[in-house]
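Residue numbers (full-length UniProt numbering), protein chains in the order written: chain Z, 1 to 76; chain F, 1 to 162.
Now the structure itself:
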């Protein structure tokens, strides 16, 4: 999949490769220390943040897992 | 993850909501992976076009309690619209669109899983996609008719849960 910022797609690919390897070989096996992808992530993130600003994507003030708090079957 | 949706609004909706046609729908997907308890939870919702319609989806993946070799997923969705007068029509459309998208993505999911597990999938990817698109078309057509009808009636504000 391409990045939301066309210029960031290559950086995304590099980061994704690093992340997927770490995720499958380390994290899921219980070894969660170490941050081999931190640098790649920072570069990728900077690019994406720029694209988000340029496209005016409304990401301010959003909470993690956002509106999921207190979601039950009979929400109204 | 930040996702950009490519579904287009049906033409009847484009006429009612021309301002929304110009902008893509942006969606946030937040996930929690717990390797100790072997669960994964994702929560997805649209962060724009919210005044028109909000679709929220929560998926919980965990070990099947009866067979530890199986993964089960519980998928829940909430479709809501607060636009006075047409919210019911929008919710119906949103629900039908969601169901048809879920059909497609579930088939895709099953196809990939079959390949990963060394099974020959029962159908080719093209056939699977064709089937899913046909089903999706039928669902969408039924929804369009229903939504068109509801769009001209008064609406309630109740959310729909599936």
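No residue lacks a Cβ here, since even glycine has one placed at the ideal position from N, Cα and C.
Since the model is a prediction, treat every value here as computed from it, not as a measurement.
Among the bridge pairs identified by DSSP, residue 2(F) is matched with 28(F). In the DSSP assignment, residue 40(F) is bridged to 33(F), 61(F). Proximity of chain F to residue 62(Z) at the Cβ level (cut-off 7 Å) is accounted for by 28, 47, in chain order. Less than 8 Å separates the beta-carbon of residue 76(F) from that of residue 58(F).
Two segments are said to touch when three or more pairs of C-beta atoms, one from each, lie closer than 8 Å; by this definition the region 19-37 of chain Z does not touch the region 48-61 of chain Z. Secondary structure at residue 6(Z): helix, using DSSP grouped into helix, strand and coil. Contact between residue 31(F) and residue 54(F) fails: their C-beta atoms lie close to 19 Å from each other, not under 8 Å. In the displayed model, residue 112(F) falls within a helix according to three-state DSSP. At a beta-carbon threshold of 8 Å, the residues of chain Z lying near residue 2(F) are 4, 48, 52, 57, 59, ordered along the chain. Counted as a single uninterrupted DSSP element, the beta strand (DSSP E) harbouring residue 77(F) occupies residues 71-80. Sorting 12(F), 133(F), 146(F), 21(F) by C-alpha distance to the C-alpha of residue 105(F) places 133(F) at the top. Of the residues 86(F), 3(F), 139(F), the one whose Cα lies closest to the Cα of residue 25(F) is 3(F). In summary, the residues of the region 2-35 of chain Z whose CB is separated from some CB of chain F by less than 7 Å are 4, 27, 28, 30, in the order they occur in the chain. Per the Cβ contact rule, the region 37-49 of chain Z is in contact with the region 11-24 of chain Z (3 or more Cβ pairs under 8 Å). Secondary structure of residue 46(F) (DSSP, three-state): strand.
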